[in-house]
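Below: the structure, in structure tokens.
Residue numbers (the working numbering), protein chains in the order written: chain A, 1 to 154; chain B, 1 to 154; chain C, 1 to 154.
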């Protein structure tokens with residue numbers, strides 16, 4: 001199911017049984033596994049890697065440098081980043097500011113969270129809605145806040 | 001006024017004099033009262049109930065389980081939720097995690113706020129922009145922050 | 001480069017070499033300088049003034065009353081405001097609640113930040129991702145948090 005208003009560029013590797021909702025945009029060179037859902041207005045940037053059984057909710061912005069494992073839930077309006085010191089100047093891919101971000105198997109990111117680039121969200125971790133993630137989140141932990149801190153094991 | 005790019009599914013109950021802006025999506029089974037404005041890119045999920053004279057600003061995401069009274073202002077990019085422990089697994093409507101959220105008459109939700117499900121935003125309450133609402137907000141109070149705390153009576 | 005799904009109203013003053021991505025909307029009476037990029041799903045409201053060499057990233061919402069200088073970076077999902085006490089009632093442009101917001105030359109606003117109206121983001125300032133800006137940010141300072149506080153000179 002690909003909504004007719006969705007934009008899927010050439011050079012995207014789409015798995016089986018992927019749903020893409022209205023106004024979503026999937027850019028070239030990204031790879032999306034089986035049984036994934038890409039929500040309304042979501043943006044999947046070039047080179048993003050997404051595993052199987054992943055839900056990317058409405059308006060989530062997944063930028064170049066994001067690596068997403070299997071069984072991950074990305075909530076609505078979640079925003080990722082890839083430039084630690086964003087600026088209109090310079091070539092962000094080649095100036096030492098670019099960092100990748102890892103969403104490990106089974107983790108969930110609550111709605112409207114902001115993920116600062118360069119972190120690893122651990123296996124089965126849960127980031128509470130509205131958080132700003134600035135550091136790694138350990139496997140299996142619940143974390144939330146601005147900045148997000150690990151609160152307890154789930 | 002319904003913008004030609006807006007998507008309004010069958011089975012929506014639209015009141016009189018409703019404006020729907022570009023790239024908005026209103027899902028089946030939702031009910032929208034008279035004199036409402038649904039902003040650009042906003043998403044109104046299945047079963048959402050919206051009263052009269054309500055403004056839903058651009059990109060706001062109003063999910064299943066939200067009940068919105070009359071005269072409510074929902075700011076741009078406000079995100080609601082309905083699953084207290086979001087996960088890619090399970091049937092979120094029937095696993096005990098689903099909670100409704102109530103926006104009482106005359107309340108206003110500032111831009112980019114995140115509303116954790118299960119709360120009641122009181123009559124004429126004001127939630128400051130960028131807040132994360134995790135608990136009920138009393139009638140007539142100004143609240144803000146992450147997490148949002150009642151600050152003073154308006 | 002104007003994407004065919006973008007909406008550019010009549011009465012927009014567009015500079016040279018402006019790129020406008022999918023599902024963006026630029027409203028009448030706004031002015032956009034040379035070499036700007038307007039991201040996917042971004043909204044540029046009536047009367048907004050944008051200088052040269054500005055990047056407005058995906059889903060950013062730039063409302064009436066925003067004045068943006070040259071060389072400014074506005075991150076994805078950044079939300080501006082223009083009504084200090086938002087409400088569904090009254091004429092927000094003429095009730096004393098409207099305030100302008102200034103983004104000075106060379107400043108950068110991190111992803112998903114919320115800008116409360118009436119502030120001045122200083123020259124070359126950097127607002128960290130996920131911040132809520134409630135006060136002026138001095139020239140050349142890094143600021144972040146909710147509320148955003150100046151942390152150090154860059």
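All C-beta atoms, glycine included, are put in the ideal place defined by N, C-alpha and C.
What residue from B:64, B:44, B:29 has the CA that sits closest to residue 58 of chain B's CA? Within the second chain, the letter at position 58 stands for residue 58 of chain B. Checking every option, the nearest Cα to that of residue 58 of chain B belongs to B:44.
Residue environment, residue 28 of chain C, which counts as buried when at least 16 other CB atoms sit within 10 Å: As a first step, residue 28 of chain C must be located in the third chain, where it is residue number 28. Label assigned to residue 28 of chain C: exposed.
Through-space distance from residue 54 of chain B to residue 91 of chain C, alpha-carbon basis: Here residue 91 of chain C corresponds to residue number 91 of the third chain, with the count starting at 1. Here residue 54 of chain B corresponds to residue number 54 of the second chain, with the count starting at 1. Spanning the two alpha carbons is a distance of roughly 15 Å.
Which one of C:47, C:146, C:132, C:120 has the shortest CA to CA distance from residue 106 of chain C? Taking the first residue of the third chain as position 1, residue 106 of chain C is located at position 106. When each option's Cα is compared against that of residue 106 of chain C, the closest is C:120.
Note down the Cα distance separating residue 3 of chain C from residue 19 of chain C, rounded to an integer number of angstroms. Along the third chain, read from residue 1 onward, the residue named residue 3 of chain C stands at position 3. Along the third chain, read from residue 1 onward, the residue named residue 19 of chain C stands at position 19. Approximately 8 Å, taken between the alpha carbons.
Beta-carbon proximity of residue 111 of chain B to residue 129 of chain B, cut-off 8 Å: If you number the second chain from 1, residue 111 of chain B lands on position 111. If you number the second chain from 1, residue 129 of chain B lands on position 129. Yes; because the gap between Cβ atoms is below 8 Å, this pair is in contact.
Counting only Cβ-Cβ distances shorter than 7 Å, please list the residues of the stretch 109-124 of chain A near chain B, keeping chain order. Flagged, chain order: 110, 111, 112.
When the Cα of residue 133 of chain C is compared with those of C:123, C:139, C:140, C:150, which residue comes out closest? The residue you call residue 133 of chain C lines up with position 133 of the third chain. The shortest Cα separation from residue 133 of chain C among C:123, C:139, C:140, C:150 belongs to C:150.
Run through the stretch 45-103 of chain A for me and flag every whole beta strand (DSSP E) of 3 or more residues, listed as ranges in chain order. DSSP runs (the beta strand (DSSP E)) wholly in the stretch 45-103 of chain A: 66-68, 101-103.
Taking only three categories from DSSP, how would you classify residue 42 of chain B? Taking the second chain and counting its residues from 1, the one referred to as residue 42 of chain B is at position 42. Residue 42 of chain B falls in the coil class under three-state DSSP.
Kindly identify the DSSP beta-bridge partner or partners of residue 149 of chain B. For this step, residue 149 of chain B is matched to residue 149 along the second chain. For residue 149 of chain B, which the question treats as bridged, DSSP gives the partners B:144.
Would you list, in chain order, the members of the stretch 14-39 of chain A that have their beta-carbon closer than 8 Å to a beta-carbon of chain C? Listed in sequence order: 23, 25.
In three-state terms, what does DSSP make of residue 5 of chain B? Translated into positions along the second chain, residue 5 of chain B becomes position 5. Three-state DSSP puts residue 5 of chain B in coil, outside helix and strand.
Since residue 55 of chain B meets chain C, which of its residues come closer than 8 Å, beta carbon to beta carbon? The residue labelled residue 55 of chain B in the question sits at position 55 within the second chain. Correct list: 88.
Which residues in chain A have a C-beta closer than 7 Å to the C-beta of residue 61 of chain B? List them in chain order. In the second chain, residue 61 of chain B corresponds to position 61, counting from 1. Ordered by position in chain A, the residues that pass the 7 Å Cβ test against residue 61 of chain B are 58, 59, 76, 77.
For residue 42 of chain B, which residues in the same chain have their Cβ closer than 8 Å to its Cβ, ignoring the five residues on either side in sequence? Numbered from its first residue, the second chain carries residue 42 of chain B at position 42. Cβ neighbours of residue 42 of chain B within its own chain (closer than 8 Å, five residues either side excluded): 21, 24, 25, 56, 57, 58, 59, 60, 61, 62.
Which word fits residue 89 of chain C, buried or exposed, when buried means at least 16 other C-beta atoms lie within 10 angstroms of its C-beta? Reading the third chain from its first residue, position 89 is the one you call residue 89 of chain C. Under a 10 Å Cβ-count criterion, residue 89 of chain C is classified as exposed, with fewer than 16 other Cβ atoms of the shown protein chains found around its own Cβ.
Contact list for the stretch 121-146 of chain A against chain C, Cβ threshold 7 Å: 132, 146
Work out the CA separation of residue 71 of chain B and residue 15 of chain B for me, nearest whole Å. On the second chain, residue 15 of chain B is found 15 positions in, with the first residue counted as 1. On the second chain, residue 71 of chain B is found 71 positions in, with the first residue counted as 1. One C-alpha to the other measures close to 14 Å.
How long is the line joining the alpha carbons of residue 35 of chain C and residue 122 of chain B, rounded to whole angstroms? Taking the third chain and counting its residues from 1, the one referred to as residue 35 of chain C is at position 35. Taking the second chain and counting its residues from 1, the one referred to as residue 122 of chain B is at position 122. When rounded, the separation of the alpha-carbon atoms in residue 35 of chain C and residue 122 of chain B is 46 Å.
Kindly indicate if chain C contains any beta-carbon less than 8 Å away from that of residue 64 of chain A. The residue labelled residue 64 of chain A in the question sits at position 64 within the first chain. It does not; no Cβ of chain C falls within 8 Å.
With a cut-off of 8 Å, does the C-beta of residue 48 of chain A fall near any C-beta of chain B? Reading the first chain from its first residue, position 48 is the one you call residue 48 of chain A. No, residue 48 of chain A does not count as interfacial toward chain B.
Residue nearest to residue 163 of chain B in terms of C-alpha spacing, selected from B:127, B:5, B:116: This structure cannot settle anything about residue 163 of chain B, because the visible part of chain B is limited to 1 through 154.
Looking only at its chain, what residues have a beta carbon closer than 7 Å to the beta carbon of residue 5 of chain C, apart from the 5 residues adjacent to it on each side? On the third chain, residue 5 of chain C is found 5 positions in, with the first residue counted as 1. Answer for residue 5 of chain C: 22, 23, listed in chain order.
Expressed to the nearest angstrom, what Euclidean distance is found between the alpha-carbon atoms of residue 31 of chain C and residue 12 of chain C? In the third chain, counting from the first residue as 1, residue 31 of chain C sits at position 31. In the third chain, counting from the first residue as 1, residue 12 of chain C sits at position 12. Their Cα atoms are separated by approximately 6 Å.
Backbone secondary structure at residue 120 of chain C - three-state DSSP: If you number the third chain from 1, residue 120 of chain C lands on position 120. DSSP places residue 120 of chain C in strand when its eight states are reduced to three.
Quick check: the Cα distance between residue 95 of chain A and residue 73 of chain C, rounded to an integer number of angstroms? For the purposes of this step, residue 95 of chain A is taken as the residue at position 95 of the first chain. For the purposes of this step, residue 73 of chain C is taken as the residue at position 73 of the third chain. Residue 95 of chain A and residue 73 of chain C: Cα-Cα distance of roughly 16 Å.
At least one CB of chain A closer than 8 Å to the CB of residue 85 of chain B: is that the case? Locating residue 85 of chain B in the second chain gives position 85, counting from the first residue. Residue 85 of chain B counts as touching chain A.
Under 8 Å by Cβ, that's how I've got residue 140 of chain B and residue 84 of chain B pegged, so tell me the actual separation to the nearest angstrom. Stepping through the second chain from its first residue, residue 140 of chain B is reached at position 140. Stepping through the second chain from its first residue, residue 84 of chain B is reached at position 84. About 27 Å separates the two Cβ atoms, so there is no contact after all.
Judging by CA-CA distance, which residue of C:39, C:10, C:9 is the nearest neighbour of residue 1 of chain C? For the purposes of this step, residue 1 of chain C is identified with residue 1 of the third chain, where counting begins at 1. For the residues C:39, C:10, C:9, the minimum Cα distance to residue 1 of chain C belongs to C:39.
Could you pull out every residue in the same chain whose Cβ sits closer than 6 Å to the Cβ of residue 113 of chain B, ignoring the five residues on either side in sequence? Locating residue 113 of chain B in the second chain gives position 113, counting from the first residue. The answer, listed in chain order, is 78, 127, 131.
For residue 178 of chain A, which of helix, strand or coil comes out of DSSP? With chain A covering only 1 through 154, there is no way to say anything about residue 178 of chain A.
Can you tell me whether DSSP reads residue 160 of chain C as helix, strand or coil? The structure shown has nothing for residue 160 of chain C, since chain C only spans 1 to 154.
Can you pull the DSSP bridge partners for residue 154 of chain B? The residue labelled residue 154 of chain B in the question sits at position 154 within the second chain. Under DSSP, residue 154 of chain B shares a beta bridge with no residue.
Within 8 Å, strictly: CB atoms of residue 33 of chain A and residue 51 of chain A: The residue labelled residue 33 of chain A in the question sits at position 33 within the first chain. The residue labelled residue 51 of chain A in the question sits at position 51 within the first chain. Contact: yes.
CA-to-CA distance, residue 68 of chain B to residue 8 of chain C, given in whole angstroms: Your numbering for residue 8 of chain C matches position 8 in the third chain. Your numbering for residue 68 of chain B matches position 68 in the second chain. Distance between the alpha carbons of residue 8 of chain C and residue 68 of chain B: 32 Å.
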